[in-house]
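Below: the structure, in structure tokens.
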Amino acid sequence: MIRKRSITLHGHRTSFSVEDAFLDELKAIATRRGLSFAALVAEIDEARPLDSNLSSALRLYVLHALKQADQHLLQNTM
Numbered sequence: 006m007i008r009k010r011s012i013t014l015h016g017h018r019t020s021f022s023v024e025d026a027f028l029d030e031l032k033a034i035a036t037r038r039g040l041s042f043a044a045l046v047a048e049i050d051e052a053r054p055l056d057s058n059l060s061s062a063l064r065l066y067v068l069h070a071l072k073q074a075d076q077h078l079l080q081n082t083m
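First residue of the sequence shown: 6, per this note's numbering; consecutive thereafter.
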């Protein structure tokens, strides 16, 4: 289910909407990287193109991370 969430980034309140599965994966990525969830979202927010929205940037970040993990797994099994 898609849900709207709020977070404070750089001292300003903002919101994003993502499905629970994306939120769970973002939290897992933050944990693996030793970051707080807010720090990871801030990093993604800073790197996103100005013409994209935060929700899309978060989903694309998860997709990219999962594709990299799959690629790494494939390389290690060959």
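From the three backbone atoms N, C-alpha and C, an ideal C-beta is built for every residue, glycine too.
Keep in mind it's a predicted model, so treat the numbers as computed, not measured.
>> Does the contact criterion of 3 or more C-beta pairs under 8 Å hold for the stretch 67 to 82 versus the stretch 40 to 51?
In response: With a cut-off of 8 Å, the stretch 40 to 51 and the stretch 67 to 82 do not count as touching, because too few Cβ pairs lie within range.
> What are the boundary residues of the alpha helix (DSSP H) that His-69 is part of?
Replying inline: To locate residue 69, count along the sequence shown from 1; it is residue 64. Where His-69 is concerned, the enclosing alpha helix (DSSP H) stretches over 59 to 82.
> How would you call Glu-51, buried or exposed, if buried means at least 16 neighbouring beta carbons within 10 angstroms?
Replying inline: The residue labelled residue 51 in the question sits at position 46 within the sequence shown. Its Cβ having fewer than 16 others within 10 Å, Glu-51 is exposed.
> Rounded to the nearest angstrom, how far is the Cβ of Ser-20 from that of Lys-32, given a contact under 8 Å?
Replying inline: Within the sequence shown, residue 20 is the residue found at index 15, counting from 1. Within the sequence shown, residue 32 is the residue found at index 27, counting from 1. Not confirmed; about 17 Å, so no contact.
>> So, with DSSP's three-state summary, where would you put Arg-18?
In response: In the sequence shown, the residue the question calls residue 18 occupies position 13. Strand at Arg-18.
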